[in-house]
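Taking our numbering, the leading residue of the sequence shown gets 324, the next gets one more, and so forth. Glycine included, C-beta positions come from ideal geometry on N, C-alpha and C. On a predicted model such as this, the values are computed, not experimentally measured, just so you know. Reviewing the structure listed below.
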Amino acid sequence: MESLAIAAAILVLITVAGGPISLLIAVLSKRISKKYSVFFTLLFGVPAVLVGIYLISLNIGIGGRLMGLFGLITSSVAIAKVITR
């Protein structure tokens, strides 16, 4: 049971932390070289999008779905910002 809780915590951490980190990197991309900002935004953003979609599609409580939605929205905005730049 302990390993299941650790796995759930890792999934939530990926989406809740990965989305804002990728958005922060996308916003601060003027201070960073373009190739590094794209690389790190995609590195943190794509897993956050995938895990966010996974959390939204699960049959869990509203809190888990909101966390997935938060990660999905923030990382999608970051990826769109980097791609359109």
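Use the C-beta contact count for residue i: other C-beta atoms within 10 angstroms, 16 or more gives buried, fewer gives exposed.
i	result
Met324	exposed
Ile333	exposed
Gly341	buried
Gly386	exposed
Leu395	buried
Leu346	buried
Ala371	buried
Ile402	buried
Ala349	buried
Gly375	buried
Ser398	buried
Gly368	buried
With DSSP as the reference, label residue i as helix, strand or coil.
i	result
Gly394	helix
- Going along the chain, which unbroken runs of the alpha helix (DSSP H) with 4 or more residues stay wholly within the stretch 333 to 393? 357 to 380, all fully within the stretch 333 to 393.
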